[in-house]
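Enquirer: Residue numbers (the UniProt record's numbering): 1 to 422. Yeah, the Cβ is synthetic: ideal placement off N, Cα and C, and Gly gets one too. All values reported here derive from a predicted model rather than from experimental measurement. One structure coming up, written as structure tokens, with questions to follow.
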């Protein structure tokens, strides 16, 4: 606090200095609570008397700041790139011979085609245009040569292989910040891939049938006519079945026939009780449009397997030129019954039980005996049942090898007999 009669430096004030301080205080703006000057009416009038305007200051330069919006980047997010191809493509830009040595290529546009992009570069001086792609394979692609499968078809192929569709594909791409193809493009590629898969699958099955036929002819396994060879096949099929509070059987089933010698697929069949497209138009109350209908079954789901296998037996001579005289399958007796009644050569067909199925049934019976017999846990417990199961597997394998040796010896005898008769 300032003492009376003293200035700010602690010196005594004279009457003249006190009067000067009072006059200067009248012209000094007051301070508000925040410490900043508060301009009252008297102070405002004081500064207005100066009459300073911008026109009276010819040397004055005013600085103004203009806010500009940043340009939108040409490329955002991530891309799927074939690295070796793209590096070579970028290096090709160095081959440009611009008349003006200062010219350089700049990216001006991107055209996206699903997961691959076409990048357009323009020279800043001579305006020459170069276009590069992020993937070496565009359209169409080849499904028989992995190196010629485009990235779009490869992506659809991958998601189809894991049982997913466009929704899962779009979600995965969104997480990785990669622009995904539209649903229509995905479905079109899905349909084209399905047709190509069918063609490739059929060719592979025909090729496998020729191998089985050749092996049967070499082994001398011919039917009664002495012309048509016969082979042994493995059959199996199934459909999803669930019982959790209610009974449920799937609307689709599949079955296969595999050659026993080559272990290659000879026949594949699918049965569907529902077509999603037909169901959609039926629910909407609209007329059905032309489409590929996948509904080909209207009976029970349990009958799908036997129907497919019977169809494969009926087409064996047509597709492969052989008869399936012996088949290895599970304990489903309905398959053999259908073959005996519906296949032309069905009366000659014999069935062998699958080793895995036999051991499985054997183990199930052992556990059933242990559960039903009182006090049997000490004699027929889990460890002992496991040893019995392993013993059964080894016994089957042992006698299978003996049978194979006998068949090999018989083949050698036939070959020797054929050599002697020549």
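Just reading off the alpha helix (DSSP H) that residue 87 is part of, what are its end residues?
Expert: In the chain shown, residue 87 corresponds to position 87, counting from 1. Note, residue 87: alpha helix (DSSP H), 83-91.
Enquirer: Quick one: grab the DSSP three-state call for residue 197.
Expert: One-based indexing of the chain shown puts residue 197 at position 197. DSSP places residue 197 in helix when its eight states are reduced to three.
Enquirer: Under 6 Å Cβ to Cβ from residue 120, same chain only, skipping five residues before and after it: list those, please.
Expert: As a working mapping, residue 120 is identified with position 120 in the chain shown. Within the same chain, residue 120 has close Cβ partners 108, 109, 131.
Enquirer: So, using beta-carbon positions, are residue 228 and residue 317 closer together than 8 Å?
Expert: Along the chain shown, one-based indexing puts residue 228 at 228. Along the chain shown, one-based indexing puts residue 317 at 317. Yes, the Cβ-Cβ distance between residue 228 and residue 317 is below 8 Å.
Enquirer: Relative to the C-alpha of residue 86, which candidate in 219, 389, 125, 118 has its C-alpha closest?
Expert: Numbered from 1 along the chain shown, position 86 holds the residue referred to as residue 86. Here the closest residue by C-alpha is 118.
Enquirer: If you pair each beta-carbon of the stretch 287-302 with each one of the stretch 168-181, do three or more pairs fall below 8 Å?
Expert: Because the criterion of three Cβ pairs below 8 Å is not met, the stretch 287-302 and the stretch 168-181 do not touch.
Enquirer: Taking the C-alpha atoms as reference points, what is the distance between residue 169 and residue 114?
Expert: Counted from its first residue, the chain shown places residue 169 at position 169. Counted from its first residue, the chain shown places residue 114 at position 114. Between residue 169 and residue 114, the C-alpha separation is close to 12 Å.
Enquirer: At 4 residues or longer, and completely inside the stretch 291-367: list those alpha helix (DSSP H) runs for me, N to C.
Expert: Fully enclosed alpha helix (DSSP H) runs of 4 or longer: 304-314, 316-320, 333-342.
Enquirer: Please list, in chain order, all residues of the same chain as residue 359 whose beta carbon is under 7 Å from its beta carbon, the five residues on each side excluded.
Expert: In the chain shown, the residue the question calls residue 359 occupies position 359. So the qualifying residues of the chain are 389, 392, 393.
Enquirer: Mapping the DSSP letters down to three states, classify residue 239 as helix, strand or coil.
Expert: Working through the chain shown from its first residue, we reach residue 239 at position 239. Reduced to three states, the DSSP call for residue 239 is coil.
Enquirer: For residue 309, does the count of other Cβ atoms within 10 angstroms reach 16, so buried, or fall short, so exposed?
Expert: One-based indexing of the chain shown puts residue 309 at position 309. So residue 309 ends up on the buried side.
Enquirer: What residue does the alpha helix (DSSP H) around residue 152 start on, and which one ends it?
Expert: For the purposes of this step, residue 152 is identified with residue 152 of the chain shown, where counting begins at 1. Counting along the chain, the alpha helix (DSSP H) containing residue 152 begins and ends at 151-161.
Enquirer: Pick helix, strand or coil for residue 167, following the three-state DSSP scheme.
Expert: For the purposes of this step, residue 167 is taken as the residue at position 167 of the chain shown. In this structure, residue 167 counts as helix in the three-state DSSP scheme.
Enquirer: Residue 193 and residue 166 look like a contact to me (Cβ under 8 Å); what is the Cβ gap, rounded to whole Å?
Expert: In the chain shown, counting from the first residue as 1, residue 193 sits at position 193. In the chain shown, counting from the first residue as 1, residue 166 sits at position 166. 13 Å between Cβ atoms; not a contact.
Enquirer: Helix, strand or coil: how does DSSP classify residue 229 here?
Expert: As a working note, residue 229 is residue 229 in the chain shown. It is a strand residue.
Enquirer: Can you say whether residue 77 is buried or exposed, counting buried as having 16 or more other CB atoms within 10 angstroms of its CB?
Expert: Counting from 1 along the chain shown, the entry for residue 77 is found at position 77. When all chains shown are included, residue 77 counts as exposed.
Enquirer: My understanding is that residue 250 touches residue 305, with C-beta atoms under 8 Å, so please give their C-beta distance in whole angstroms.
Expert: In the chain shown, residue 250 corresponds to position 250, counting from 1. In the chain shown, residue 305 corresponds to position 305, counting from 1. So it is not a contact: roughly 12 Å between Cβ atoms.
Enquirer: Do you know how far the Cα of residue 356 is from the Cα of residue 396?
Expert: Taking the chain shown and counting its residues from 1, one reaches residue 396 at position 396. Taking the chain shown and counting its residues from 1, one reaches residue 356 at position 356. The alpha-carbon atoms of residue 396 and residue 356 are separated by roughly 10 Å.
Enquirer: For residue 136 and residue 82, which I take to be in contact (beta-carbon distance under 8 Å), what is that distance rounded to the nearest angstrom?
Expert: By 1-based counting over the chain shown, the position of residue 136 is 136. By 1-based counting over the chain shown, the position of residue 82 is 82. Correct: roughly 6 Å between the Cβ atoms.
Enquirer: With a threshold of 16 other CB atoms inside 10 Å of the CB of residue 152, please say whether the residue is buried or exposed.
Expert: Translated into the one-based positions of the chain shown, residue 152 becomes position 152. Residue 152 should be labelled buried.
Enquirer: By the three-class DSSP mapping on this structure, what secondary structure does residue 134 have?
Expert: Residue numbering aside, residue 134 sits at position 134 when the chain shown is read from its first letter. Here residue 134 sits in coil by DSSP.
Enquirer: Within 8 Å, do at least three Cβ pairs link the stretch 223-238 to the stretch 317-326?
Expert: Yes, since at least three Cβ pairs between the stretch 317-326 and the stretch 223-238 fall closer than 8 Å, the two stretches touch.
Enquirer: Between the alpha carbons of residue 302 and residue 335, how many angstroms are there, rounded?
Expert: Walking along the chain shown from the start, residue 302 turns up at place 302. Walking along the chain shown from the start, residue 335 turns up at place 335. Roughly 11 Å separates the two Cα atoms.
Enquirer: Are there 16 or more other CB atoms within 10 angstroms of the CB of residue 338, so buried, or fewer, so exposed?
Expert: As a first step, residue 338 must be located in the chain shown, where it is residue number 338. Buried: at least 16 other Cβ atoms inside 10 Å.
Enquirer: Quick one: residues in its chain with C-beta nearer than 6 Å to the C-beta of residue 427, no 5 flanking neighbours on either side, listed in chain order?
Expert: The displayed coordinates of the chain run from 1 to 422. Any statement about residue 427 would go beyond what the structure contains.
Enquirer: Express the C-alpha separation of residue 157 and residue 196 in angstroms, rounding to a whole number.
Expert: The residue given as residue 196 occupies position 196 in the chain shown. The residue given as residue 157 occupies position 157 in the chain shown. Each residue's Cα considered, the two are about 11 Å apart.
Enquirer: First and last residue of the beta strand (DSSP E) that includes residue 120?
Expert: Counted from its first residue, the chain shown places residue 120 at position 120. It spans 116-123 - the beta strand (DSSP E) in which residue 120 sits, taken as one unbroken run.
Enquirer: Using DSSP with H/G/I as helix, E/B as strand and the rest coil, what is residue 256?
Expert: The residue given as residue 256 occupies position 256 in the chain shown. It is a strand residue.
Enquirer: If we call anything under 8 Å between Cβ atoms a contact, is residue 268 one with residue 201?
Expert: Taking the first residue of the chain shown as position 1, residue 268 is located at position 268. Taking the first residue of the chain shown as position 1, residue 201 is located at position 201. Contact flag set, yes.
Enquirer: Taking C-beta to C-beta, are residue 150 and residue 123 nearer than 8 Å?
Expert: Stepping through the chain shown from its first residue, residue 150 is reached at position 150. Stepping through the chain shown from its first residue, residue 123 is reached at position 123. No, the Cβ-Cβ distance between residue 150 and residue 123 is not below 8 Å.
Enquirer: Grouping DSSP H, G and I as helix and E and B as strand, with all else coil, what is residue 264?
Expert: Here residue 264 corresponds to residue number 264 of the chain shown, with the count starting at 1. It is coil, neither helix nor strand.
Enquirer: Would you mind giving the Cβ-Cβ distance between residue 208 and residue 262, rounded to the nearest angstrom? I have them listed as a contact below 8 Å.
Expert: Residue mapping note: residue 208 aligns to position 208 of the chain shown, counting from 1. Residue mapping note: residue 262 aligns to position 262 of the chain shown, counting from 1. Correct: roughly 6 Å between the Cβ atoms.
Enquirer: Which residue from 155, 368, 190, 272 puts its Cα closest to that of residue 239?
Expert: One-based indexing of the chain shown puts residue 239 at position 239. Comparing Cα-Cα distances from residue 239 to each of 155, 368, 190, 272, the minimum goes to 272.
Enquirer: Quick one: what's residue 269 bridged to in DSSP?
Expert: Within the chain shown, the letter at position 269 stands for residue 269. BP columns for residue 269 point to 255.
Enquirer: Sort out for me which residues DSSP pairs residue 106 with in a bridge.
Expert: Here residue 106 corresponds to residue number 106 of the chain shown, with the count starting at 1. Residue 106 pairs with 122.
Enquirer: Candidates 329, 325, 369, 398: which alpha carbon is nearest residue 344's?
Expert: The residue labelled residue 344 in the question sits at position 344 within the chain shown. Nearest C-alpha to residue 344: 325.
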